[in-house]
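What follows is a single structure, written as structure tokens, with notes after it.
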Amino acid sequence: MNRRQFMLGAPLLVAGCGEAIWAPDDFVRSMEYTHDGPPRLTLMTMRNVGSGNGAHTSLMINASQRVIWDPAGSFRHPDIPERNDVIIGVTPQIADYYVSYHSRATYYTVIQEIDVSPAVAEMALQAALSDGPVPKSMCAASTSRLLSGLPGFESIGTTFFPVTLENRFAKLPNVRTREVREYDSDDNSGVLYRINVTPLR
152 MNRRQFMLGA
162 PLLVAGCGEA
172 IWAPDDFVRS
182 MEYTHDGPPR
192 LTLMTMRNVG
202 SGNGAHTSLM
212 INASQRVIWD
222 PAGSFRHPDI
232 PERNDVIIGV
242 TPQIADYYVS
252 YHSRATYYTV
262 IQEIDVSPAV
272 AEMALQAALS
282 DGPVPKSMCA
292 ASTSRLLSGL
302 PGFESIGTTF
312 FPVTLENRFA
322 KLPNVRTREV
332 REYDSDDNSG
342 VLYRINVTPL
352 R
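Residue numbering for the sequence shown follows the working numbering, beginning at 152 and increasing consecutively.
Rendered as structure tokens:
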């Protein structure tokens, strides 16, 4: 099975939960990426430009490999493997494409970074990989639950609201925050068409 066919062969089940996607083992192994930066958690909150309301929450995890926990997200590309809601192989190129996909005329992305110990980063990675697909509108609830289970993040608690999660995350020590704003069309499908992914192995 080649990479472009994996989504056709993946189980696509909806049973009170999100869409189950399971990339083949060989595809995942070929695309796993280890980033040389420090162990880090990066919370991303997509906000409506007009209202400021939160539209989506995701979490980039830099541990033994770098992934994006994208619960109930719409970012999909046939050359980027996904295990349920975990995007595998998040190179700097893929990270940039991910943010650009969500940042456009009507939405902007708030990026909050915090460096953590290797043990905490690995706990976050394993929690994301072991979780099942997330139902729609549960992105903040699932992400806050994952975070609050980590040492040092207990104050996050659980919330259904992306902006509430963003505000709680901001109160943690040594969080660095920036915004990404782009002004292209609200039709963000063109970002995915521009991605040209090279296998890492």
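Glycine included, every Cβ here is placed at the ideal spot set by N, Cα and C. Since this is a predicted model, take the numbers as computed values, not measurements.
Let me confirm a value: Y334 is counted as buried when at least 16 other C-beta atoms fall within 10 Å, else exposed. Which label applies? So Y334 ends up on the exposed side.
Decide yes or no for the touch test of the region 297 to 304 against the region 229 to 249: beta carbon pairs closer than 8 Å, at least 3 of them. Contact fails between the region 297 to 304 and the region 229 to 249, because fewer than three Cβ pairs, one in each stretch, are under 8 Å apart.
Rounded to whole angstroms, what's the CA-CA distance from T208 to G240? Just pull it up for me. Each residue's alpha carbon lies about 19 Å from the other.
Y259 and V331 closer than 8 Å at C-beta: The answer is yes: Cβ separation under 8 Å.
Pull up the distance between the alpha-carbon of H367 and that of M197, whole angstroms please. Residue 367 is absent from the model: the chain starts at 152 and stops at 352.
Three-state secondary structure (DSSP) of L301: The answer is coil: DSSP assigns L301 none of H, G, I, E or B.
Work out the CA separation of L276 and V267 for me, nearest whole Å. Their backbone Cα atoms lie some 12 Å apart in a straight line.
By how many angstroms is the C-alpha of N235 removed from the C-alpha of I172? CA-CA distance, I172 to N235, rounds to 5 Å.
Rounded straight-line distance, which links the Cα of T294 to that of P286: The straight-line gap from Cα to Cα measures roughly 12 Å.
Three-state secondary structure (DSSP) of N318: Note: N318 maps to helix in three-state DSSP.
Report the CB separation of E233 from A272 in whole angstroms; it is logged as a contact under 8 Å. At roughly 20 Å, the Cβ-Cβ gap does not stay under 8 Å, so E233 and A272 are not in contact.
In or out: E317 buried (at least 16 other Cβ within 10 Å) or exposed? Residue burial is scored here from C-beta neighbours: E317 has at least 16 other C-beta atoms within 10 angstroms and is therefore classed as buried.
Through-space distance from R255 to D337, alpha-carbon basis: Between the C-alpha atoms of D337 and R255 there is a straight-line separation of about 6 Å.
Can a CB atom of chain D be found closer than 8 Å to the CB of L316? The chain inventory of the structure shown lacks chain D, comprising one protein chain alone.
Distance between Y249 and K322 (C-alpha atoms, nearest Å): Approximately 25 Å between the Cα atoms of the pair.
Nearest-angstrom Cα separation, counted from T315 out to V103: Beyond the ends of the chain as shown, which are 152 and 352, falls residue 103; an answer cannot be given.
Nearest-angstrom Cα distance between N325 and R191? The straight-line gap from Cα to Cα measures roughly 12 Å.
Could you give the distance in angstroms between the alpha-carbon of D221 and the alpha-carbon of M195? So the two alpha carbons sit approximately 10 Å from each other.
Nearest-angstrom Cα separation, counted from G203 out to Q244: Cα to Cα, the separation comes out at about 27 Å.
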